[in-house]
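Visitor: For the sequence shown, counting from 1, position 145 maps to 145 in this note's numbering; every step adds exactly one.
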Amino acid sequence: MNREAGMILISTMLMLALLALLVVSQMQTVFLVYKSLNRLVDKHQSFYQLEMIAQKLSSFNNNQLQAACLVTEKNPDEVFTLLKNGKACSLSYEQQSFFYLIEELGFFPCMQTVKEKGIYSTQHWRLTVLAKDERFNFLQLRIARIAPFIRCEKKPLVFIHTGIISWRYLVR
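(1) Classify H161 as helix, strand or coil using the three-state DSSP reduction.
(2) Could you tell me which uninterrupted beta strand (DSSP E) segments, each at least 3 residues in length, are contained entirely in the segment 40-126, listed from first to last along the chain?
(3) Can you say whether Q49 is buried or exposed, counting buried as having 16 or more other CB atoms within 10 angstroms of its CB?
(4) Going by Cα to Cα distance, which pick from K132, T81, C89, I150 is closest to L70?
(5) Checking 7 Å against the spacing of the C-beta atoms, do E104 and T81 come in under that value?
(6) DSSP three-state call for K132: helix, strand or coil?
(7) Using DSSP's beta-bridge definition, name the partner residues of V171.
(8) Would you say K35 faces chain D, with C-beta separation under 7 Å as the test?
(9) Please say whether A54 and L139 have beta carbons closer to each other than 7 Å?
(10) Does DSSP put I150 in a helix, a strand or coil?
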């Protein structure tokens with residue numbers, strides 16, 4: 001009888017230990033999910049701040065820009081290197097630092113727009129913004145603005161809207 005009681009006691013203790021181990025394992029899983037969710041929220045907030053800064057910068061005035069902010073068209077990797085090294089214009093918003101460069105891509109006579117019943121060519125710019133934190137997040141916007149009409153000679157004519165015409169988000 002004592003042997004049977006001892007076996008029941010050992011079996012009960014093993015079951016309780018197994019249940020405790022399962023509870024600890026599930027708690028660890030819950031904490032990992034919670035940590036992952038917090039990181040995801042941080043990434044989203046970082047992206048939204050980057051997007052807001054880029055939106056503000058996209059309405060730039062050529063005459064008000066510093067010389068360091070405006071560059072001719074460059075290879076995207078070269079632009080990323082300049083931004084990472086802080087060789088660009090800086091901007092602070094809500095205790096976060098941003099670096100940005102605006103590239104002048106030139107006039108595009110075959111990409112035209114219509115405004116007030118007039119046809120215009122477009123001038124294009126590429127705005128690259130870097131959020132300087134523990135990871136490097138880049139947001140790149142291509143912006144089209146109205147330019148004086150230039151006759152399109154070679155390519156097929158395309159009509160576009162002015163403003164932000166494309167964007168890409170890079171995490172390096």
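Positions of the beta carbon are idealized from the N, C-alpha and C atoms, including for glycine. Because the structure is a prediction, the values reported are computed rather than measured.
Guide: In short:
(1) For the purposes of this step, residue 161 is taken as residue 161 along the sequence shown, with counting starting at 1. Coil, per DSSP.
(2) 70-72, 89-93, 96-115
(3) Residue mapping note: residue 49 aligns to position 49 of the sequence shown, counting from 1. The residue is buried, with at least 16 neighbouring Cβ atoms inside 10 Å.
(4) In the sequence shown, the residue the question calls residue 70 occupies position 70. Checking every option, the nearest Cα to that of L70 belongs to C89.
(5) Stepping through the sequence shown from its first residue, residue 104 is reached at position 104. Stepping through the sequence shown from its first residue, residue 81 is reached at position 81. Not a contact, by the Cβ cut-off of 7 Å.
(6) For the purposes of this step, residue 132 is taken as residue 132 along the sequence shown, with counting starting at 1. The answer is strand: DSSP assigns K132 an E or B state.
(7) Along the sequence shown, read from residue 1 onward, the residue named residue 171 stands at position 171. DSSP lists N137 as partners of V171.
(8) Here chain D cannot be found, since the structure has a single protein chain.
(9) Counting from 1 along the sequence shown, the entry for residue 139 is found at position 139. Counting from 1 along the sequence shown, the entry for residue 54 is found at position 54. Yes; because the gap between Cβ atoms is below 7 Å, this pair is in contact.
(10) By 1-based counting over the sequence shown, the position of residue 150 is 150. Coil, per DSSP.
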